[in-house]
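**Student:** Numbering (the numbering used here), first residue to last: 560 to 903. Here it is, the structure, as structure tokens.
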């Protein structure tokens with residue numbers, strides 16, 4: 560039933576969890592804990608509903624608690640590792656950047672992908688210490704490559720929502736750069752479009768602070784966060800990253816082709832770099848070249864690999880994949896390069 564307060568009408572809903580004695584618990588603490596678990600299940604399934612506690616919920620809750628404790632131990636024992644995925648310029652064939660991607664080297668389960676633990680790390684707040692470690696380790700590895708005489712590359716690090724909302728986030732970034740001795744111009748921080756739009760004023764302030772440090776800023780998954788063009792022009796970023804969902808059905812999907820071309824054109828007119836992620840086929844790469852996007856990332860270039868294996872990309876051991884592109888396309892792409900800032 561609606562409730563009226565101060566002339567305003569509110570429709571109140573609730574999510575309920577039910578636990579019954581004695582099948583779901585023989586003491587108050589167990590019953591409350593199990594009813595709480597059922598309530599969260601009701602929220603997960605769409606809210607404004609009720610769920611009755613079950614054995615499956617208990618097992619899920621138990622596994623969640625175990626995973627949280629294992630993640631805490633993993634941070635303490637250094638079980639997390641970074642893999643790096645190359646970013647390449649299609650015109651030169653050179654790798655100019657590397658995105659740092661975290662993996663969990665679990666002592667029993669082996670290499671665990673981020674999708675299996677990052678959401679829980681976000682939920683519990685463990686993403687903050689984990690994100691700080693990722694930042695420091697990525698900067699350290701980038702400096703190691705430079706000190707080894709390899710051609711410098713820009714290392715990209717994804718910023719989580721919990722990290723980005725911290726008012727002192729720029730201080731953490733400055734400390735990591737100083738600790739590793741890395742020039743800020745070789746660090747790129749990726750924030751998602753949807754994250755920026757959650758608190759536009761706060762996001763702009765933090766982005767300006769990071770920009771003042773000299774680091775690069777990139778909008779990840781561009782095209783999926785519904786930012787307005789008026790907001791976009793105020794972002795102090797240097798690059799737009801085209802979301803992989805727009806490339807999945809290219810060259811078969813004319814709508815995705817139109818959207819991708821429009822994003823590239825928009826970036827050019829705003830004086831921004833643009834890179835496409837999730838590029839898996841030569842057909843996709845050729846379409847991007849024709850559209851004016853010369854920087855790509857994806858399985859066509861290389862999968863995420865440990866630092867030792869990434870040396871092959873830095874040393875030019877892996878040849879360019881687009882060796883048979885038509886001369887006309889090559890000429891058109893070079894003309895497009897005049898309006899795109901090339902980081903190689």
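Think of the CB as a built atom: it goes at the ideal place given N, C-alpha and C, for glycine as much as any other residue.
Can you find a C-beta in chain C that's less than 9 Å from the C-beta of residue 566?
**Tutor:** Going by chain labels, chain C is absent from the structure shown, which holds only one protein chain.
**Student:** According to DSSP, is residue 881 part of a helix, a strand, or is it coil?
**Tutor:** With a pLDDT of 46 at residue 881, under the threshold of 50, the modelled position of that residue is not reliable, and the figure given next carries that caveat. Residue 881 falls in the coil class under three-state DSSP.
**Student:** Whether or not the stretch 802 to 812 and the stretch 826 to 845 are in contact is what I'm after, with contact meaning three or more pairs of Cβ atoms, one per stretch, closer than 8 Å; do they touch?
**Tutor:** Yes, they touch.
**Student:** If you compare alpha carbons, which of 820, 574, 585 and 874 is closest to residue 597?
**Tutor:** Selected option, being the one with the closest Cα: 574.
**Student:** To the nearest angstrom, how far is the alpha carbon of residue 564 from that of residue 607?
**Tutor:** Rounded to whole angstroms, residue 564 to residue 607 spans 21 Å at the Cα level.
**Student:** Checking the sheet assignment: what are the DSSP bridge partners for residue 646?
**Tutor:** For residue 646, which the question treats as bridged, DSSP gives the partners 656 and 856.
**Student:** On a Cα-Cα basis, can you pick out the residue from 770, 769 and 794 that is closest to residue 778?
**Tutor:** Measuring from the Cα of residue 778, the nearest candidate turns out to be 794.
**Student:** Under a Cβ-count criterion, where at least 16 other Cβ atoms within 10 Å of its own Cβ denotes burial, should residue 562 be classed as buried or exposed?
**Tutor:** Result: exposed.
**Student:** Taking only runs that begin and end inside the stretch 662 to 738, name each unbroken alpha helix (DSSP H) of 4 or more residues, in chain order.
**Tutor:** Counting whole runs of 4 or more residues, the stretch 662 to 738 contains the alpha helix (DSSP H) stretches 677 to 683, 686 to 706 and 720 to 723.
**Student:** My understanding is that residue 644 touches residue 863, with C-beta atoms under 8 Å, so please give their C-beta distance in whole angstroms.
**Tutor:** Yes, residue 644 and residue 863 are in contact; Cβ-Cβ is about 4 Å, under 8 Å.
**Student:** Secondary structure at residue 825, three-state DSSP: helix, strand or coil?
**Tutor:** Helix at residue 825.
**Student:** Following the continuous beta strand (DSSP E) through residue 805, name the residue where it begins and the one where it ends.
**Tutor:** From DSSP, residue 805 is part of no beta strand (DSSP E); its letter is neither H nor E.
**Student:** If we count Cβ pairs, one from each stretch, closer than 8 Å, do we get three or more for the stretch 764 to 779 versus the stretch 806 to 819?
**Tutor:** Not touching, per the Cβ criterion.
**Student:** Got a sec? Which residues, its chain only, sit under 8 Å from residue 739 by beta carbon, not counting five neighbours each side?
**Tutor:** Once the five neighbours on either side are set aside, the close Cβ partners of residue 739 are 695, 698, 699, 701 and 702.
**Student:** State the DSSP-derived secondary structure class of residue 605, mapped to helix, strand or coil.
**Tutor:** It is coil, neither helix nor strand.
**Student:** Run through DSSP, which three-state label would residue 836 get?
**Tutor:** Reduced to three states, the DSSP call for residue 836 is coil.
**Student:** Does DSSP put residue 777 in a helix, in a strand, or in coil?
**Tutor:** Reduced to three states, the DSSP call for residue 777 is strand.
**Student:** So for residue 819, helix, strand or coil by DSSP?
**Tutor:** Three-state result, residue 819: helix.
**Student:** Helix, strand or coil for residue 619? Go by DSSP, reduced to three states.
**Tutor:** Here residue 619 sits in helix by DSSP.
**Student:** Could you check where the alpha helix (DSSP H) with residue 843 kicks off and where it finishes?
**Tutor:** It spans 841 to 850 - the alpha helix (DSSP H) in which residue 843 sits, taken as one unbroken run.
**Student:** Distance, Cα to Cα, residue 594 vs residue 601?
**Tutor:** Residue 594 and residue 601: Cα-Cα distance of roughly 11 Å.
**Student:** Have a look at the DSSP bridge pairing and note the partners of residue 575.
**Tutor:** In DSSP, residue 575 forms a bridge with 609.
**Student:** State the Cα-Cα distance for the pair residue 684 and residue 676, rounded to the nearest angstrom.
**Tutor:** One C-alpha to the other measures close to 12 Å.
**Student:** To the nearest angstrom, report how far apart residue 569 and residue 755 are at their CA atoms.
**Tutor:** Their Cα atoms are separated by approximately 29 Å.
**Student:** For residue 846 and residue 648, I'd like the C-alpha separation in whole angstroms.
**Tutor:** Spanning the two alpha carbons is a distance of roughly 14 Å.
**Student:** With respect to the beta strand (DSSP E) encompassing residue 747, which residues constitute its N-terminal and C-terminal limits?
**Tutor:** Counting along the chain, the beta strand (DSSP E) containing residue 747 begins and ends at 746 to 751.
**Student:** So is residue 741 buried or exposed if we call it buried at 16+ other beta carbons inside 10 Å?
**Tutor:** So residue 741 ends up on the buried side.
**Student:** Excluding the five sequence neighbours on either side, which residues of its own chain have a C-beta within less than 8 Å of the C-beta of residue 577, listed in chain order?
**Tutor:** Here the set comprises 594, 597, 609, 610, 611 and 612.
**Student:** If you follow the beta strand (DSSP E) that residue 798 is in, where does it begin and where does it stop?
**Tutor:** Here the beta strand (DSSP E) through residue 798 covers 798 to 801.
**Student:** Tell me whether residue 873 sits in a helix, a strand or coil according to DSSP, three-state version.
**Tutor:** Note: residue 873 maps to helix in three-state DSSP.
**Student:** DSSP on residue 567, reduced to helix/strand/coil?
**Tutor:** Reduced to three states, the DSSP call for residue 567 is strand.
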